[in-house]
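Engineer: Residue numbers (this note's numbering), protein chains in the order written: chain A, 1 to 206; chain B, 207 to 412; chain C, 413 to 618; chain D, 619 to 824. Just so it is clear, CB atoms sit at the ideal spot from N, CA and C, and this is done for glycine as well. The structure presented is a predicted model; accordingly, all values stated were derived computationally and were not measured.
4 protein chains.
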Amino acid sequence: MAERKCGTLKSTKASENKKLKRNRLYDAAFELFSRKGVNETVVDEIVKHAGIAKGTFYLYCKDKYDLVEKIILKRSAYVFENAMKALAEQNRKSPMDFTGRVIFFIDYLIEFFKQNSNLLSLIYKNLSWSLYEKAMNYEEIGEAKQIFLRHFSLSGSNAQTAKRRLFIVVSMVGAVCYNSLVLKSPYDIDDVKPELYRCVKKILAG
Amino acid sequence: MAERKCGTLKSTKASENKKLKRNRLYDAAFELFSRKGVNETVVDEIVKHAGIAKGTFYLYCKDKYDLVEKIILKRSAYVFENAMKALAEQNRKSPMDFTGRVIFFIDYLIEFFKQNSNLLSLIYKNLSWSLYEKAMNYEEIGEAKQIFLRHFSLSGSNAQTAKRRLFIVVSMVGAVCYNSLVLKSPYDIDDVKPELYRCVKKILAG
Amino acid sequence: MAERKCGTLKSTKASENKKLKRNRLYDAAFELFSRKGVNETVVDEIVKHAGIAKGTFYLYCKDKYDLVEKIILKRSAYVFENAMKALAEQNRKSPMDFTGRVIFFIDYLIEFFKQNSNLLSLIYKNLSWSLYEKAMNYEEIGEAKQIFLRHFSLSGSNAQTAKRRLFIVVSMVGAVCYNSLVLKSPYDIDDVKPELYRCVKKILAG
Amino acid sequence: MAERKCGTLKSTKASENKKLKRNRLYDAAFELFSRKGVNETVVDEIVKHAGIAKGTFYLYCKDKYDLVEKIILKRSAYVFENAMKALAEQNRKSPMDFTGRVIFFIDYLIEFFKQNSNLLSLIYKNLSWSLYEKAMNYEEIGEAKQIFLRHFSLSGSNAQTAKRRLFIVVSMVGAVCYNSLVLKSPYDIDDVKPELYRCVKKILAG
DNA sequence: CATGAATGAGACTTCATTCAT
DNA sequence: TATGAATGAAGTCTCATTCAT
Chain A
1 MAERKCGTLK STKASENKKL KRNRLYDAAF ELFSRKGVNE TVVDEIVKHA GIAKGTFYLY
61 CKDKYDLVEK IILKRSAYVF ENAMKALAEQ NRKSPMDFTG RVIFFIDYLI EFFKQNSNLL
121 SLIYKNLSWS LYEKAMNYEE IGEAKQIFLR HFSLSGSNAQ TAKRRLFIVV SMVGAVCYNS
181 LVLKSPYDID DVKPELYRCV KKILAG
Chain B
207 MAERKCGTLK STKASENKKL KRNRLYDAAF ELFSRKGVNE TVVDEIVKHA GIAKGTFYLY
267 CKDKYDLVEK IILKRSAYVF ENAMKALAEQ NRKSPMDFTG RVIFFIDYLI EFFKQNSNLL
327 SLIYKNLSWS LYEKAMNYEE IGEAKQIFLR HFSLSGSNAQ TAKRRLFIVV SMVGAVCYNS
387 LVLKSPYDID DVKPELYRCV KKILAG
Chain C
413 MAERKCGTLK STKASENKKL KRNRLYDAAF ELFSRKGVNE TVVDEIVKHA GIAKGTFYLY
473 CKDKYDLVEK IILKRSAYVF ENAMKALAEQ NRKSPMDFTG RVIFFIDYLI EFFKQNSNLL
533 SLIYKNLSWS LYEKAMNYEE IGEAKQIFLR HFSLSGSNAQ TAKRRLFIVV SMVGAVCYNS
593 LVLKSPYDID DVKPELYRCV KKILAG
Chain D
619 MAERKCGTLK STKASENKKL KRNRLYDAAF ELFSRKGVNE TVVDEIVKHA GIAKGTFYLY
679 CKDKYDLVEK IILKRSAYVF ENAMKALAEQ NRKSPMDFTG RVIFFIDYLI EFFKQNSNLL
739 SLIYKNLSWS LYEKAMNYEE IGEAKQIFLR HFSLSGSNAQ TAKRRLFIVV SMVGAVCYNS
799 LVLKSPYDID DVKPELYRCV KKILAG
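#1: Can you tell me where the alpha helix (DSSP H) with residue 694 (chain D) in it begins and where it stops?
#2: Shortest alpha-carbon distance to residue 124 (chain A) belongs to which of A:75, A:174, A:104, A:67?
#3: According to DSSP, is residue 587 (chain C) helix, strand or coil?
#4: Check whether the Cβ of residue 224 (chain B) lies closer than 8 angstroms to any Cβ atom in chain A.
#5: Determine, using beta-carbon pairs with one atom in the stretch 389 to 408 of chain B and one in the stretch 149 to 169 of chain A, whether at least three such pairs fall under 8 angstroms.
#6: What's the gap between the Cα of residue 428 (chain C) and the Cα of residue 570 (chain C)?
#7: Just how far apart, CA to CA, sit residue 626 (chain D) and residue 224 (chain B)?
#8: Spatial neighbours of residue 209 (chain A) within its chain, please: C-beta separation below 8 angstroms, excluding the five flanking residues on both sides.
#9: Is it the case that the stretch 545 to 557 of chain C contacts the stretch 478 to 498 of chain C, given that we only count it when at least three CB pairs across the two stretches are under 8 angstroms?
#10: If you run the structure through DSSP and keep just helix, strand and coil, what is residue 715 (chain D)?
#11: Could you say which of D:730, D:767, D:803 lies nearest to residue 575 (chain C) if we only look at CA atoms?
#12: Go to residue 457 (chain C), then tell me how far its alpha helix (DSSP H) extends in each direction, as first and last residue.
#13: Take residue 104 (chain A) as the anchor and find which of A:160, A:87, A:131 has the nearest alpha-carbon.
#14: Any beta-carbon of chain D closer than 8 angstroms to the one on residue 495 (chain C)?
#15: Where does residue 17 (chain A) fall in DSSP's three states?
#16: When the cut-off is 8 angstroms and only beta carbons count, does residue 269 (chain B) lie next to chain A?
#17: Could you list which residues in chain D have their beta carbon closer than 7 angstroms to that of residue 573 (chain C), in chain order?
#18: The stretch 379 to 392 of chain B: which residues have C-beta closer than 7 angstroms to a C-beta of chain A, in chain order?
#19: Can you tell me which of B:336, B:241, B:260, B:304 puts its alpha carbon nearest to the alpha carbon of residue 325 (chain B)?
#20: Mark residue 477 (chain C) as exposed unless 16 or more other C-beta atoms lie within 10 angstroms of its C-beta, in which case mark it buried.
#21: Does the beta-carbon of residue 444 (chain C) have 16 or more other beta-carbons within 10 angstroms, so that it is buried, or is it exposed?
#22: Please decide whether residue 564 (chain C) counts as near chain D, where near means a Cβ-Cβ distance under 8 angstroms.
#23: Going by beta-carbon coordinates alone, are residue 799 (chain D) and residue 730 (chain D) separated by less than 8 angstroms?
#24: Starting from the beta carbon of residue 810 (chain D), find every residue of chain C whose beta carbon is closer than 8 angstroms, and list them in chain order.
#25: Give me the residue from D:754, D:719, D:660 with the minimum Cα distance to residue 694 (chain D).
#26: Got a sec, what are the start and stop residues for the alpha helix (DSSP H) residue 750 (chain D) sits in?
#27: Thinking C-beta only, is residue 183 (chain A) closer than 8 angstroms to residue 333 (chain B)?
#28: Answer with yes or no whether the minimum CB distance from residue 745 (chain D) to chain C is below 8 angstroms.
#29: Closer than 7 angstroms, Cβ to any Cβ of chain B: which residues of the stretch 38 to 65 of chain A, in chain order?
#30: Please identify the residue among B:306, B:251, B:304, B:395 whose C-alpha is closest to the C-alpha of residue 321 (chain B).
#31: So what's residue 359 (chain B) in DSSP terms, helix, strand or just coil?
#32: So, helix, strand or coil for residue 596 (chain C), using DSSP?
#33: Buried or exposed: where does residue 359 (chain B) fall if 16 or more other Cβ atoms within 10 Å of its Cβ makes it buried?
#34: For chain B, check one thing: does any of its Cβ atoms lie closer than 8 angstroms to the Cβ of residue 6 (chain A)?
#35: Is residue 675 (chain D) closer than 8 angstroms to residue 661 (chain D) when the C-beta atoms are compared?
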């Protein structure tokens with residue numbers, strides 16, 4: 001009887017419980033996907049690490065690949081949000097020109113991925129255009145892109161050129177990071193950084 | 207006497223047959239790996255397409271992943287060899303400066319991968335530092351790298367900086383091509399090319 | 413309330429079902445292992461006979477050889493337990509001296525294996541010292557050994573000698589049974605029995 | 619032309635060569651069968667070790683199991699022949715009674731198998747009544763059995779009893795050796811020997 | 001909502017045997 | 001007689017997904 005009264009309370013508790021389970025699932029999956037790769041991680045292992053039943057897995061996602069995308073989007077949004085906040089804060093303290101702001105933003109991401117190369121690896125290995133588009137629909141992520149493009153449109157540049165230039169910068173920085181941090185190429189990211197930023201500046205210089 | 211002749215003929219026929227089989231295997235596997243991805247391609251399908259028996263598959267490679275590497279290395283060496291030849295030929299006809307030669311080389315590769323984006327996809331999705339090192343041990347591939355670095359050493363630049371600059375250029379070009387040609391991002395490679403080459407020039411300019 | 417009852421019922425039903433499946437698996441595997449040998453029995457056949465899916469097989473054992481051991485240990489323990497019970501019962505009805513009890517015990521086993529030579533065959537063909545040790549950790553099996561040794565220690569004999577004598581008796585009886593019942597040597601076990609028991613008595617006589 | 623003349627010589631050479639190949643095949647197979655077991659040894663490995671081609675394997679035996687039997691019979695005959703010779707020699711030097719001769723013979727075999735437990739293992743693991751009968755048709759092996767039985771018939775004993783007694787002794791000694799030398803039971807053969815010979819004597823004593 | 005036993009298609013790989021040379 | 005590349009049936013085991021409870 002008491003139980004019936006607590007209907008609302010119960011559902012709240014249940015939904016909290018659900019959220020908790022989802023987080024455990026996401027974290028366990030991320031840890032395994034990063035460490036072993038998506039194909040090499042089996043659902044059995046994920047649910048065991050998450051402490052949930054196998055059937056429950058399919059209550060939270062369509063399949064393993066759907067889960068990868070969800071995790072990537074969630075974590076990427078989080079990083080971008082923080083990067084934007086840090087940029088705003090820094091800019092408030094000591095205003096920077098456009099190139100300075102871009103470099104600051106890139107540097108923030110590089111420093112983050114230096115500590116979280118797992119995530120970078122996961123993103124790169126599961127990249128697709130469809131995922132990229134989904135990401136752009138996230139407010140936290142798409143905003144950065146818009147700011148970049150707006151600068152060029154304000155400075156009277158051709159919008160197409162601006163987009164392509166962004167595309168090249170992102171490709172370049174991403175690839176260099178991936179090679180350095182994930183493929184463990186012999187080029188340490190800290191050694192490459194000066195040269196990399198020099199390149200970014202040159203490209204942006206128009 | 208007839209017998210002796212037969213002996214030679216025999217072994218020739220057999221080894222020709224063997225070569226033929228290997229090529230059929232490599233081609234069938236490449237077609238499937240490119241079209242469907244390595245993990246999604248099953249050995250059964252490869253051998254059916256190649257018209258060989260399943261057991262024969264394991265006569266030519268340790269397993270599916272060994273085959274991927276063999277195919278990538280073989281095809282990459284082939285492309286690089288041709289690119290080097292074309293560069294030499296073109297340079298003979300109308301000599302170019304260093305930057306011109308680099309751009310020519312890059313352009314040759316881009317044009318090739320435009321027609322063979324399957325190979326580019328296969329390479330990227332199976333890239334690892336170990337594979338990269340194996341590639342560099344191929345005369346046809348490693349040579350291009352050496353030529354690039356030699357230029358910088360001759361021009362009195364710092365060797366470390368030269369290597370890093372090469373690393374950045376390769377990362378950038380590779381990523382742009384991959385995104386354009388494989389991920390089918392909305393940026394057509396031909397539209398991006400001018401901007402891309404402008405970036406390459408700026409980076410090389412020192 | 414009804415729900416709570418259901419809960420118990422559910423788990424009972426499920427676990428009963430599970431036990432049933434396991435027994436079907438064990439029985440089918442035993443039948444095939446005995447009739448055709450372990451190596452000649454394929455998992456496909458076992459699961460077909462047991463009426464379970466292939467995957468289910470690996471829910472109950474690591475592999476085919478793990479299953480053999482499990483079956484041998486389970487059945488051996490069962491036989492030994494019954495032999496001990498029969499011995500106790502018989503001794504209660506008409507008490508026997510030590511040698512008499514040993515012969516009774518051996519005779520019980522021989523009569524059992526006469527009807528179940530399949531099991532004897534399976535045991536012998538998959539015998540190893542490690543399996544022997546696992547068997548000795550079974551209460552039902554190890555106990556018989558202890559009783560035998562205790563007799564000698566009580567009668568003041570050397571413990572080492574007792575153990576070796578047991579070892580010889582077990583080896584002898586086992587081999588004679590195996591040759592007679594499994595290898596189908598022309599020596600019928602019933603014809604050899606008198607001579608065999610005479611040997612046992614002589615050996616035990618000290 | 620010269621070749622044709624040498625017909626006889628050639629065939630001799632060829633047959634010598636053939637014999638050599640057969641020996642290499644037998645020795646390589648024995649080494650592998652002993653070390654890894656018959657089922658775990660693949661034909662490919664045998665021929666590689668023997669330095670012959672795969673197809674040649676089937677020129678010398680029907681299949682792997684046929685080869686095992688051939689090897690066992692050949693080696694067993696060799697051991698028995700030597701044991702008989704040693705017994706005759708020893709008996710000439712200092713004549714022994716029947717039991718003494720049996721023990722000498724057993725001891726010779728045990729000492730041999732102590733150095734060649736591989737062979738004992740191979741024999742036991744591939745024992746069948748049909749193989750036993752083939753062995754008895756070998757002069758070198760069957761003779762020992764006949765001598766044993768003749769003794770009993772001369773001493774007026776029942777022939778059936780004699781055969782059974784032999785059967786029990788052989789079973790007992792064989793099993794004890796197998797357990798000690800092959801299964802590596804904790805009972806060292808040298809420790810068990812005195813007790814074992816005591817048992818043999820008691821059994822033979824009638 | 002949650003569970004986890006059961007499923008079974010299908011993956012990879014091995015290897016005894018054949019047969020054209 | 002000798003070869004060894006080719007065969008392909010047969011083997012073991014995995015794992016995403018379902019569904020009765």
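Structural biologist: Quick answer:
#1: That run of the alpha helix (DSSP H) goes 682 to 711.
#2: Nearest of A:75, A:174, A:104, A:67 to residue 124 (chain A), Cα basis: A:174.
#3: Three-state DSSP puts residue 587 (chain C) in a helix.
#4: Under the 8 angstroms criterion on CB atoms, residue 224 (chain B) is classed as non-interfacial with respect to chain A.
#5: Cβ pair count under 8 angstroms is three or more, so yes.
#6: Roughly 50 angstroms between the two C-alpha positions.
#7: Summary for residue 626 (chain D): the model assigns pLDDT 49, below 50, so the residue's position carries little reliability; its value from the coordinates is reported in the next sentence. Approximately 38 angstroms between the Cα atoms of the pair.
#8: One cannot answer for residue 209 (chain A) here, as it falls past the ends of chain A, which runs 1 to 206.
#9: Touching, yes.
#10: Coil at residue 715 (chain D), not helix or strand.
#11: The shortest Cα separation from residue 575 (chain C) among D:730, D:767, D:803 belongs to D:803.
#12: Here the alpha helix (DSSP H) through residue 457 (chain C) covers 455 to 462.
#13: Put simply, of A:160, A:87, A:131 the residue whose alpha carbon is nearest the alpha carbon of residue 104 (chain A) is A:87.
#14: Output row for residue 495 (chain C): interface = no.
#15: It is helical.
#16: Residue 269 (chain B) is outside the set of residues whose beta carbon lies under 8 angstroms from a beta carbon in chain A.
#17: Those are 813, listed as they occur along chain D.
#18: Across the stretch 379 to 392 of chain B, CB contacts with chain A closer than 7 angstroms involve 380, 381, 382, 385, 389, 390, 391, in sequence order along the chain.
#19: Closest in alpha carbon position to residue 325 (chain B), among B:336, B:241, B:260, B:304, is B:241.
#20: Residue 477 (chain C) should be labelled exposed.
#21: Flag for residue 444 (chain C) reads buried.
#22: No, because no Cβ of chain D sits closer than 8 angstroms to the Cβ of residue 564 (chain C).
#23: Cβ distance not < 8 angstroms, so residue 799 (chain D) and residue 730 (chain D) don't count as in contact.
#24: Residue 810 (chain D) reaches chain C at 576, 579, 580, counting residues in chain order whose Cβ is nearer than 8 angstroms.
#25: Nearest C-alpha to residue 694 (chain D): D:754.
#26: Element bounds for residue 750 (chain D): 747 to 754.
#27: Contact: yes.
#28: At a cut-off of 8 angstroms between beta carbons, residue 745 (chain D) contacts chain C.
#29: Under the 7 angstroms Cβ criterion, the stretch 38 to 65 of chain A contributes 39.
#30: The shortest C-alpha separation from residue 321 (chain B) is found at B:395.
#31: Assignment of residue 359 (chain B) by DSSP, reduced to helix, strand and coil, places it in the helix class.
#32: Three-state result, residue 596 (chain C): coil.
#33: By the neighbour-count criterion, in which a residue is buried when 16 or more other Cβ atoms sit within 10 angstroms of its Cβ, residue 359 (chain B) is exposed.
#34: With a pLDDT of 45 at residue 6 (chain A), under the threshold of 50, the modelled position of that residue is not reliable, and the figure given next carries that caveat. No - not a single Cβ of chain B is within 8 angstroms of the one on residue 6 (chain A).
#35: A contact, by the Cβ cut-off of 8 angstroms.
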